[in-house]
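Novice:
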Amino acid sequence: MGLGLLHFDGRVVDDDGRPLLESDDGEELMHVEPGITIALGSRPMESPGTLYVTSRYQCHTHSVSCFLSFLRCEWILHEVIWLIDADKGKGYAVDFLSLSLHAVSRDLETYPFPCIYTQIEIGDEDEESESSDSESNDDLELSKVT
Numbered sequence: 001m002g003l004g005l006l007h008f009d010g011r012v013v014d015d016d017g018r019p020l021l022e023s024d025d026g027e028e029l030m031h032v033e034p035g036i037t038i039a040l041g042s043r044p045m046e047s048p049g050t051l052y053v054t055s056r057y058q059c060h061t062h063s064v065s066c067f068l069s070f071l072r073c074e075w076i077l078h079e080v081i082w083l084i085d086a087d088k089g090k091g092y093a094v095d096f097l098s099l100s101l102h103a104v105s106r107d108l109e110t111y112p113f114p115c116i117y118t119q120i121e122i123g124d125e126d127e128e129s130e131s132s133d134s135e136s137n138d139d140l141e142l143s144k145v146t
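For the sequence shown, UniProt numbering assigns the number 1 to the initial residue and increments by one for each residue that follows.
#1: Please look up how many angstroms separate the CB atoms of Thr54 and His78, rounded, as I've assumed it's under 8 angstroms.
#2: Could you pull the DSSP bridge partners for Glu33 from this structure?
#3: Compare the Cα-Cα distances from Leu40 to each of His102, Phe96, Tyr92 and report the closest residue.
#4: Check Ser42 in the structure and name its three-state DSSP category.
#5: Check this for me: beta carbons of Leu83 and Gly4, under 8 angstroms apart or not?
#6: So Ala86 packs on Ser47, CB below 8 angstroms; how close in whole Å?
#7: Run through DSSP, which three-state label would Asp15 get?
#8: Determine whether the beta carbon atoms of Tyr117 and Ile81 lie at a separation below 8 angstroms.
#9: Going by DSSP, name the residue or residues bridged to Ala86.
#10: Quick one: grab the DSSP three-state call for Asp107.
#11: Give a yes or no on whether the C-beta atoms belonging to Leu20 and Leu29 are separated by under 8 angstroms.
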């Protein structure tokens, strides 16, 4: 699993422009939301795109006795992928273990459009204070975006 938000430009998309899923790993498309724009840090909004939420599961064989075993499958990893409509092979992706809504903002003085606010934490708190300056330059360190 990658840390933080990553550029999505190396993964193949199908003829419909959707990301190809890793079916060998049990990845499934859980939700598609078209017409989504994103803004990272203090950067301007990106062109509209489509948001994809996927899940992968892992199966484990559990032996109860030498005569009985069972297969237990559980969802273990999710991925959010956002692809620009104008160039379906370009966008961003983030892996996560759990997805929940952080906040909805309708304050048009804070941001010009209603939006969902999210933070991506990668667990590196020592470097977090140093990374706040990196959002101001053009070469945004995506693993540190909040």
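Virtual Cβ for every residue (Gly too), placed ideally from N, Cα, C.
Specialist: Result, derived from the coordinates:
#1: As a working note, residue 54 is residue 54 in the sequence shown. As a working note, residue 78 is residue 78 in the sequence shown. At roughly 7 angstroms, the Cβ-Cβ gap stays under 8 angstroms, so Thr54 and His78 are in contact.
#2: Here residue 33 refers to the residue found at position 33 of the sequence shown. Answer is Leu51.
#3: Within the sequence shown, the letter at position 40 stands for residue 40. Answer by Cα proximity: Tyr92.
#4: On the sequence shown, residue 42 is found 42 positions in, with the first residue counted as 1. If DSSP states are grouped into helix, strand and coil, Ser42 belongs with coil.
#5: For the purposes of this step, residue 83 is taken as residue 83 along the sequence shown, with counting starting at 1. For the purposes of this step, residue 4 is taken as residue 4 along the sequence shown, with counting starting at 1. In this structure, Gly4 does not lie closer than 8 angstroms to Leu83 by Cβ.
#6: The sequence position of residue 86 within the sequence shown is 86, counting from 1. The sequence position of residue 47 within the sequence shown is 47, counting from 1. That pair is a contact at about 6 angstroms.
#7: Counting from 1 along the sequence shown, the entry for residue 15 is found at position 15. In this structure, Asp15 counts as coil in the three-state DSSP scheme.
#8: Mapped onto the sequence shown, residue 117 falls at position 117. Mapped onto the sequence shown, residue 81 falls at position 81. Not in contact: Tyr117 and Ile81 (Cβ atoms no closer than 8 angstroms).
#9: By 1-based counting over the sequence shown, the position of residue 86 is 86. In DSSP, Ala86 forms no bridge with anything.
#10: As a working mapping, residue 107 is identified with position 107 in the sequence shown. Residue state, collapsed to three classes: coil.
#11: Indexing the sequence shown from 1 puts residue 20 at position 20. Indexing the sequence shown from 1 puts residue 29 at position 29. Against a cut-off of 8 angstroms, the Cβ pair of Leu29 and Leu20 comes out as no contact.
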